[in-house]
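Scroll down for the structure; my scribbles are underneath it.
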Amino acid sequence: MQTILTGIRANEEPTLGNFLGAYLPTIRLAKEHAADSHINMFIPDLHSFTTPIDHSKLYSQIIKGVKYYLAAGLDATQPNIHIYRQSRVSAHSEMCWILDCFTYFGEASRMTQFKEKSAEHADAITVGLFNYPVLMAADILLYDAKYIPLGEDQFQHLELARNIAIRMNNKFDQALFTIPAPEKEQIKFMHLEQGLRIRSLTEPSKKMSKSSENAKSKISLNDDPAQAAKKIMSATTDSVGVIKFDMVNQPGISNLLQIEALLNDRPLQDLIADWAGQSSYGDLKRKVADSVQSFLSLFQEKVSQITDAEVEAILKQGESYANHAANQKLHHVQRALGLRPSDSQTSPTQPEH
Ligand code: ATP
Ligand code: MG
């Protein structure tokens, strides 16, 4: 059975960009594929402090992250849907070390997110920040995940995971890892025309990021809905004066059209046609502000109804599944590397330790 897998770091409050780029596609795919695929939606909590965070808030952010998956529509009662914390499945860290030893320093150094994030946090560039794409490869390869719904910003890391898997399969065993599907196939699987990149509201040439220090640049999922509407009303646009979808010359307006389409589950082309030739940016902003406000009100209402006890029970089940699946893969890799006897070296009277 194939695996579809995604995770959203619990470092800061997730944004509308995370919701539209990662939560929504995964939850749609979960509805479509829960009978024929494992759906792993996990909390990558070990990734949470690759850049400095307030650790006193981390645990509650992790639990809230699970509530967000549920409030967004993930049905944890389905037997193939698994929610777990990365830190409770120690095989992730062990596999990361193994993959590290088959990842070249040069290829890891080419990761643009490392370059960008290390420029932002020049006073605290850790080895963890450099290494996080390899841990992400472990997150994926441990479960033989083929489809990984994610935003456009993560495609380079996905390509790294593919390269490590291909390299190790060639060296050891073609059945060692399932190779994740390439970018184009991922996009098609998500029913998208291209990778998604929701833009910053203040600097629309950049993506919206939850770690941004400028609260006006992002809609956080716990924003007061009326305040969030105000952020949309003051979003940076352009001086062209005509509503058109053009991410290069009018990224602010295009971003608003994109958000409106996704929040209302309408094809982007329909939205573009509805607004074609109109000139009132204020009208468009009001429409999007209303959509964001009602989305947040409804979402927050759902979150408030989920108890910590429900979350604990779901994690217990998910982590039992994840440990079993991940350890099987880890043992297979350990056998291939010579850390455990291969099947032919294990005699029936001498059990493997
Ligand atoms: P950070 O600034 O902490 O890196 P982030 O907003 O980039 O936060 P991540 O936890 O790195 O969030 O990514 C979680 C998922 O959300 C990934 O699949 C990523 O591709 C997706 N994602 C992040 N930002 C956007 C965005 N602006 N548009 C669409 N998808 C996004
Ligand atoms: Mg990111």
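Taking our numbering, the leading residue of the sequence shown gets 1, the next gets one more, and so forth.
Glycine included, every Cβ here is placed at the ideal spot set by N, Cα and C.
Query, Result
"Expected contact under 8 Å - CB spacing of Asp-308 and Ile-63 to nearest Å", "6 Å"
"Continuous alpha helix (DSSP H) assignments of at least 4 residues falling wholly in the stretch 215-278", "225-233, 251-263 and 268-275"
"N-terminal and C-terminal residue of the beta strand (DSSP E) that Ser-37 is part of", "37-42"
"Short Cβ contact (9 Å threshold) for Tyr-69 with Met-41", "yes"
"Unbroken stretches of the alpha helix (DSSP H), 4 residues or longer, contained in the stretch 25-75", "58-71"
"Straight-line Cα distance separating Ile-148 from Leu-20", "14 Å"
"Closest residue to Asp-123 among Ser-297, Asp-139, Ser-254 and Pro-52 (Cα-Cα distance)", "Pro-52"
"Met-208 CB to nearest heavy atom of the ligand ATP below 8 Å", "yes"
"Enclosing beta strand (DSSP E) for Lys-146 [first to last residue]", "145-147"
"Contact belief for Ser-200 with Glu-13 at Cβ below 8 Å, rounded distance in angstroms", "With a Cβ gap of about 15 Å, Ser-200 and Glu-13 do not count as contacting."
"Leu-150 CB to nearest heavy atom of the ligand ATP below 8 Å", "yes"
"Cβ-Cβ separation, Thr-112 to Ile-164 (assumed contact under 8 Å), whole Å", "Ile-164 to Thr-112, Cβ: 18 Å. No contact."
"Per-residue DSSP class, three states only, for Ile-306", "coil"
"Chain-order list of residues whose beta-carbon lies under 7 Å from that of Val-288 (same chain, five-residue window excluded)", "Ile-232, Leu-256, Ile-259 and Glu-260"
"Limits of the beta strand (DSSP E) - the one that Ile-4 falls within", "2-7"
"Pair within 9 Å by beta-carbon distance, Thr-3 and Lys-146", "yes"
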